[in-house]
């Protein structure tokens, strides 16, 4: 069976006994895969999930979802892909029914219409009487639309409705359902309200709502200087941009983990090459700092000490050495700047899968290059 791509419907698809399976009516799946293959391909890339037709009956397909692409797999990847699959199939079912209604209308017009008043039709078949009603250039009746999908068995329909009524945050039945405008994911009103107070992004897909503002202490400063004598690997013909982040001691506020508890001050230093790409990244870093996104207060990953200022997944080069050894400089002329230099200045965020030594973030992996799912630097710049 061929491997296809991912995303979903309430009436056209429903969950089987396994969390990675979806049951879908054959007419709906055939309509979706033939009419909008580009949407399926896009969903496969976004969710890094493929769909295998694992079984079928005369009326339905059983689809199995499986991770696709290099590890690590996104958190809740299969669950999100399954929800997306059901949503897309629901749209396809509506489009299929609309096409069927249009086909029936054209058929009635072509045959003369007027089913409610048969006495108005004279004896004898007038095959060409309705020809002027057809679109210009039409030579016959439109092809009949695909048949309506058969009704789902009661058990499968109940499972689909149960999945749709479950809040992904509290995992209970949705109370006072609220659906996000951009991504159409639904939650309990109380659950999503509290979640958006912590982070203005959908807990399911990570899509941002409004301007992203962090909880970085407000008493910090970002100092930038340039040193023409300091050279970075692979950028020896440029000088170096030196960034100093300075934070005095303070007290945690209401947006921090432990309000009222003191935190110590700290100073952090980072480096960028003084080249066009480096200055582009510097602009992004300034915007991140102004929106209080560069740092947060939490537990240090290196010392285990709580209530300290820590990096907040916006990755900086904190040493002048290290980095180019990981990748061939001839194939990657900007081996540690490339993730930012090539990143498009708009949504959507994608996982950061490659980072050099002394870079605060995931382990190195030269197979792919993009930006962290927890924060999208490019969202702060105009498209």
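Residue numbers (UniProt numbering): 1 to 383. Every residue gets a Cβ at the ideal spot worked out from N, C-alpha and C, and that includes glycine. In this text the structure is predicted, and so the values were computed from the model without any measurement.
If you measure between the beta carbons of residue 216 and residue 294, is that distance less than 8 Å? In this structure, residue 294 lies closer than 8 Å to residue 216 by Cβ.
Please work out which residues of its chain come closer than 6 Å, Cβ to Cβ, to residue 273, disregarding the five sequence neighbours upstream and downstream, and give them in chain order. So the qualifying residues of the chain are 232, 235 and 238.
Based on DSSP bridge pairs, tell me the residues matched to residue 270. Per DSSP, 243.
Excluding sequence positions up to five away, which residues of its chain have a Cβ less than 8 Å from the Cβ of residue 173? Correct list, in chain order: 165, 166 and 167.
How long is the line joining the alpha carbons of residue 32 and residue 320, rounded to whole angstroms? Rounded to whole angstroms, residue 32 to residue 320 spans 52 Å at the Cα level.
Beta-carbon gap between residue 186 and residue 199 smaller than 8 Å: No, the Cβ-Cβ distance between residue 186 and residue 199 is not below 8 Å.
Indicate the three-state DSSP secondary structure (helix, strand or coil) for residue 33 in the structure shown. Note: residue 33 maps to helix in three-state DSSP.
Got a sec: is the Cβ-Cβ distance from residue 315 to anything in chain B below 8 Å? This model lacks chain B altogether; it includes just one protein chain.
For the 8 Å Cβ check, are there 3 or more pairs between the stretch 54-71 and the stretch 95-102? Touching, no.
Identify which residue in 58, 103, 50 and 60 has its Cα closest to the Cα of residue 84. For residue 84, the nearest C-alpha among the options comes from 50.
Over the uninterrupted alpha helix (DSSP H) stretch that includes residue 419, give me the two end residues. Because the chain in this structure spans residues 1 to 383, residue 419 falls outside the shown range and cannot be described.
Same chain, Cβ closer than 8 Å to residue 259, five either side skipped, listed in chain order: When the five nearest sequence neighbours on each side are left out, the beta carbons in the same chain lying within less than 8 Å of the beta carbon of residue 259 are those of 252 and 253, in order along the chain.
Judging by CA-CA distance, which residue of 275, 184, 222 and 256 is the nearest neighbour of residue 307? That would be 256, whose Cα lies nearest to the Cα of residue 307.
Quick one: what does DSSP say residue 63 is sitting in, helix, strand or coil? Reduced to three states, the DSSP call for residue 63 is strand.
Tell me which same chain residues have a C-beta within less than 6 Å of the C-beta of residue 224, skipping the five on either side of it? Excluding residues within five positions, the ones whose Cβ falls inside 6 Å are 243.
Spatial neighbours of residue 209 within its chain, please: CB distance less than 6 Å, with the 5 preceding and 5 following residues excluded, ordered by chain position. Cβ neighbours of residue 209 within its own chain (closer than 6 Å, five residues either side excluded): 200.
Tell me, which residues are paired with residue 195 by DSSP? Beta-bridge pairing links residue 195 to no other residue.
By how many angstroms is the C-alpha of residue 230 removed from the C-alpha of residue 180? When rounded, the distance between both Cα atoms is 49 Å.
Give me the DSSP bridge partner(s) of residue 188. Under DSSP, the beta-bridge partners assigned to residue 188 are 177.
Would you kindly report the start and end of the unbroken beta strand (DSSP E) that includes residue 171? Per DSSP, residue 171 lies in no beta strand (DSSP E) and is assigned neither H nor E.
Grouping DSSP H, G and I as helix and E and B as strand, with all else coil, what is residue 78? Here residue 78 sits in helix by DSSP.
Would you please state the rounded distance, in angstroms, between the beta carbons of residue 247 and residue 219? I believe it to be under 8 Å. Right, the Cβ-Cβ distance comes to about 7 Å (below 8 Å), so this counts as a contact.
Three-state secondary structure (DSSP) of residue 45: Of the three classes helix, strand and coil, the one that applies to residue 45 here is helix, per DSSP.
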